[in-house]
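In UniProt numbering, the protein residues as written are 1 to 198.
Just so it is clear, CB atoms sit at the ideal spot from N, CA and C, and this is done for glycine as well.
Remember, it's a predicted structure, so these values are computed and weren't measured experimentally.
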């Protein structure tokens with residue numbers, strides 16, 4: 001029996017580009033883990049979506065971050081004037097820039113199956129879960145109050161990550177996983193860490 005043909009898949013992950021169109025290394029899958037913009041205006045998102053669409057990757061997976069204000073419509077409806085008082089934005093129009101893109105898979109606390117088809121080799125398939133949520137640090141979008149007890153169990157938010165997930169993309173890191181602040185404290189989410197280790 002012949003061994004199955006394998007395909008190496010290179011995933012390039014970026015985040016916090018805040019309106020910058022940075023040079024990207026070659027890869028098969030591009031992941032943008034949030035903070036595409038400074039404040040989530042339509043013009044900021046439009047520019048960033050055009051840049052992502054032009055990037056040469058077979059698949060592009062995008063989540064929002066806390067600075068992508070208009071993509072969290074509940075937050076924007078409550079706090080949008082604090083950021084865009086003179087130029088109110090339409091959360092629906094901003095969101096449609098991502099959801100209507102033919103080359104971007106936009107995830108907002110949801111899963112998708114990504115299928116890559118190499119003309120010269122085997123097909124690759126994986127399930128990805130993407131979430132924009134992060135513990136509250138000031139007045140920003142997609143924020144939640146972290147459990148007071150760091151040894152506490154899973155929160156309902158992170159229990160929704162399907163067990164059969166191959167790749168998890170979040171805007172916040174799990175606690176103690178590359179989350180050290182300038183003050184040398186762990187700023188990641190313990191509940192997310194526990195969810196990933198179950």
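Per DSSP, residue 49 has no beta bridge partner at all.
Around the beta carbon of residue 134, 16 or more other beta carbons sit within 10 angstroms, so the residue counts as buried. The three-state secondary structure of residue 162, taken from DSSP, is coil. Under the three-state reduction of DSSP, residue 42 is assigned to helix. No residue range can be given for residue 141, since it is assigned to no alpha helix (DSSP H) and is classified by DSSP as neither H nor E. Where residue 30 is concerned, the enclosing beta strand (DSSP E) starts and stops at 29–33. In this structure residue 174 is in contact with residue 192, their Cβ atoms being roughly 5 Å apart against a cut-off of 8 Å. Look at residue 57 here: in three-state DSSP terms it is coil, with no helix or strand label. In this structure, residue 169 sits away from residue 14, with a CB-CB distance that is not shorter than 8 Å. Between the stretch 127–141 and the stretch 66–80, the count of C-beta pairs closer than 8 Å reaches three or more; the two stretches touch. Going by DSSP, residue 15 is part of no beta strand (DSSP E) at all; its letter is neither H nor E. In the structure shown, the three-state DSSP call for residue 174 is strand. For residue 106, the secondary structure class from DSSP, reduced to helix, strand or coil, is strand. Shown here, residue 134 sits in a strand according to DSSP, grouped into three states.
Within the model, the alpha-carbon separation for residue 127 versus residue 116 is close to 12 Å. Between the stretch 44–61 and the stretch 79–86 there are fewer than three C-beta pairs closer than 8 Å, too few to call the two in contact. Between residue 23 and residue 64, the gap from beta carbon to beta carbon reaches 8 Å or more.
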